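This report concerns only the one structure given below.
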Amino acid sequence: ATKPNVLILGAGYGGMVTATKITKQLGHNDANVTLVSKHNYHYQTTWLHEPAAGTLHHDRTRMPIDNVIDRNKINFIQDEVVKINKEDNTVSLKENEDVEYDYLVTALGAVPETFGVPGVFEHSFNKWTVNGAREMKEHIEYMFARYHNEEDPKDDLLTFIVAGAGFTGIEFIGELSERVPDLCKEYDIPKNKVKMYVIEAAPTALPGFDPELVEYAMNLLENRGVEFKINMPISEVKEDGVVLKDGEEIKSATVVWATGVRGNPVIEESGFENMRGRVKVDPDLRAPGHDNIFIIGDCSLVINEEADRPYPPTAQIAMQQAETVAKNLRALIKGEQLSEFTPDIKGTVASLGGKEAIGVVGNKKLFGTSANFMKKMIDNRYLWILGGIGLTLKKGKNPF
Ligand code: FAD
Ligand code: NAD
Numbered sequence: 002a003t004k005p006n007v008l009i010l011g012a013g014y015g016g017m018v019t020a021t022k023i024t025k026q027l028g029h030n031d032a033n034v035t036l037v038s039k040h041n042y043h044y045q046t047t048w049l050h051e052p053a054a055g056t057l058h059h060d061r062t063r064m065p066i067d068n069v070i071d072r073n074k075i076n077f078i079q080d081e082v083v084k085i086n087k088e089d090n091t092v093s094l095k096e097n098e099d100v101e102y103d104y105l106v107t108a109l110g111a112v113p114e115t116f117g118v119p120g121v122f123e124h125s126f127n128k129w130t131v132n133g134a135r136e137m138k139e140h141i142e143y144m145f146a147r148y149h150n151e152e153d154p155k156d157d158l159l160t161f162i163v164a165g166a167g168f169t170g171i172e173f174i175g176e177l178s179e180r181v182p183d184l185c186k187e188y189d190i191p192k193n194k195v196k197m198y199v200i201e202a203a204p205t206a207l208p209g210f211d212p213e214l215v216e217y218a219m220n221l222l223e224n225r226g227v228e229f230k231i232n233m234p235i236s237e238v239k240e241d242g243v244v245l246k247d248g249e250e251i252k253s254a255t256v257v258w259a260t261g262v263r264g265n266p267v268i269e270e271s272g273f274e275n276m277r278g279r280v281k282v283d284p285d286l287r288a289p290g291h292d293n294i295f296i297i298g299d300c301s302l303v304i305n306e307e308a309d310r311p312y313p314p315t316a317q318i319a320m321q322q323a324e325t326v327a328k329n330l331r332a333l334i335k336g337e338q339l340s341e342f343t344p345d346i347k348g349t350v351a352s353l354g355g356k357e358a359i360g361v362v363g364n365k366k367l368f369g370t371s372a373n374f375m376k377k378m379i380d381n382r383y384l385w386i387l388g389g390i391g392l393t394l395k396k397g398k399n400p401f
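Numbering (full-length UniProt numbering), first residue to last: 2 to 401.
Structural data, given as structure tokens:
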């Protein structure tokens, strides 16, 4: 019999872990495995706030795909996925011919959610990708470099706005606020010229997170010069700043958008039933009504029955789903029983720049250097899962 074709879309947390685990589940003669992704490198979305603010080189967050997957076992196509044609089991790509599949794993990640706020795509930095991070970093430095070259330097050149005090917004401002003193020194700019705002629609920063840790984070960031505007949705982004719900305008040459995510537009484009681009998957992680299509990571939606709402989309869940999917692909191919996915949420740790962080692990609250240590260990653990000790030593972070 001919070997079935397994096709994996997206080389992020979900796709990479599926690819590496599947080669352990299946032998060479069991299936042809193909991975398709936009770039010839894998990048760590969870580290991107660092290169975006310029506290870590972007190359530290990415690695050539060939260095991680075994090309003798997995075929790689660098291309952009345009559409999943689920009726004929093919995927349309931007440059290459359609690819056929017998089993599909969709792990294309997320795109920014704007909630209909006008001007986001035109006037803000919103791409949490390597290319997006490089652009943010260069732009921030350029604002500092421009300042003394303007006849009448406008303060808004040095006003930085972060939209959304979720984990992405908080982690980004943590890095930026940590770097600002160095930038001021480098570009001969008095520190009081720099303004940093975090603007949040909900009644608190990090809604739903431990209030004591939220307070710790806000105090620390305020001490670094960050001003919070809480309970204040941004209603428009303009070329020269933002408009708030109460009508106030804040002028700024730099608006960084971090108000949440929705699933990759390929999901909607391909006609899957979805909520904000995310498919509510069956317990075995297949798309309802599609026996041969798995959807994982930020494109999937898994309900936390206890809380009666979806789990927030995280790398933690994407990687755990990938392990289940690798097993379930094997089960489908071998005609065995599929397993159900049960998330095992270990906790949440967020960096605040420098050696600062906050987190909850199990039922333990962490802050300061112990949280920072834990955050670095979590970052390293992922490298370990993906590529063992070799990759961890090569790309890992020093936790001390
Ligand atoms: P991703 O890892 O984003 O991968 C998607 C892949 O698909 C990418 O390689 C992309 O290039 C590729 N792709 C996209 N579109 C196409 C296309 N059309 N064609 C081909 N390829 C395509 N979660 C945590 O658990 N812990 C954290 O500490 C954490 N920190 C974060 C920090 C930041 C700054 C951000 C932005 C997010 C963070 N998250 C964190 C969330 C986490 O990054 C995501 O939940 C996770 O990346 C989802 O994994 P994924 O595999 O679905 O998508
Ligand atoms: P999020 O949805 O967690 O937070 C977005 C925030 O923006 C919310 O607090 C929301 O109230 C606010 N907001 C929405 N519209 C707004 C508006 N018009 N004006 C002002 N504020 C507005 O999104 P995120 O921070 O991008 O995170 C995305 C996912 O990635 C989440 O699941 C998160 O848990 C995960 N993540 C985890 C970590 C970590 O564990 N360290 C870090 C980053 C992201």
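The beta carbon of each residue, even a glycine, is placed where N, CA and C say it ideally should be.
Just so it is clear, the structure is predicted and the values come from calculations on it, not from any experiment.
Residue interval of the beta strand (DSSP E) (run including residue i)
i, result
"L36", "N33 to S38"
"V350", "G348 to S352"
"G290", "Looking at the DSSP string, G290 is not in any beta strand (DSSP E), and its letter there is neither H nor E."
"L286", "Counting along the chain, L286 falls outside any beta strand (DSSP E), and DSSP gives it neither H nor E."
"F77", "I75 to Q79"
"A111", "A111 to P113"
"A358", "A358 to V362"
"K252", "E250 to K252"
Bounding residues of the alpha helix (DSSP H) (the contiguous stretch that carries residue i)
i, result
"residue 404", "An answer regarding residue 404 cannot be provided, because it is not within the stretch 2 to 401 covered by the chain."
"M144", "V131 to Y148"
"F168", "F168 to E187"
"N232", "Element bounds for N232: n/a, residue is neither H nor E."
"Y217", "P212 to N224"
"P52", "H50 to A54"
Residue i: CB within 7 angstroms of a non-hydrogen atom of the ligand NAD
i, result
"A259", "yes"
"I162", "no"
"P52", "no"
"P234", "yes"
"F77", "no"
"E123", "no"
"V262", "yes"
"E136", "no"
"F116", "yes"
Beta-carbon proximity of residue i to residue j, cut-off 8 angstroms
i, j, result
"A108", "V262", "no"
"E176", "G360", "no"
"V362", "K376", "no"
"Q26", "R287", "no"
"Y44", "T62", "yes"
"I85", "V326", "no"
"I297", "A323", "yes"
"D71", "T35", "no"
"H140", "F126", "yes"
"E216", "M197", "no"
"residue 1", "P212", "Residue 1 lies beyond the range of the chain shown here (2 to 401); nothing can be said about it."
"N33", "N76", "yes"
Buried or exposed by the 16-neighbour rule on C-beta atoms within 10 Å, applied to residue i
i, result
"L394", "exposed"
"I190", "buried"
"G389", "exposed"
"M276", "exposed"
"Y143", "exposed"
"K155", "exposed"
"P182", "exposed"
"T349", "buried"
"D380", "buried"
Chain D contact for residue i (CB, 8 angstroms cutoff)
i, result
"K328", "Included in the structure is just one protein chain, with no chain D present."
For the ligand COA, enumerate in chain order all residues having a CB closer than 5 angstroms to any of its heavy atoms.
As for the ligand COA, it is missing from this structure, which binds only the ligand FAD and the ligand NAD.
Taking 8 angstroms as the threshold, find out whether the segment 199–211 comes into contact with the segment 164–173 through three or more Cβ pairs.
yes
Counting beta carbon pairs with one atom in the segment 302–320 and one in the segment 116–123, are three or more of them shorter than 8 angstroms?
Between the segment 116–123 and the segment 302–320, the count of Cβ pairs shorter than 8 angstroms is below three; the stretches do not touch.
Is there contact here, the segment 236–250 with the segment 129–147, by at least three beta-carbon pairs under 8 angstroms?
no
Inspect the CB distances between the segment 235–245 and the segment 254–261 and report whether three or more fall short of 8 angstroms.
yes
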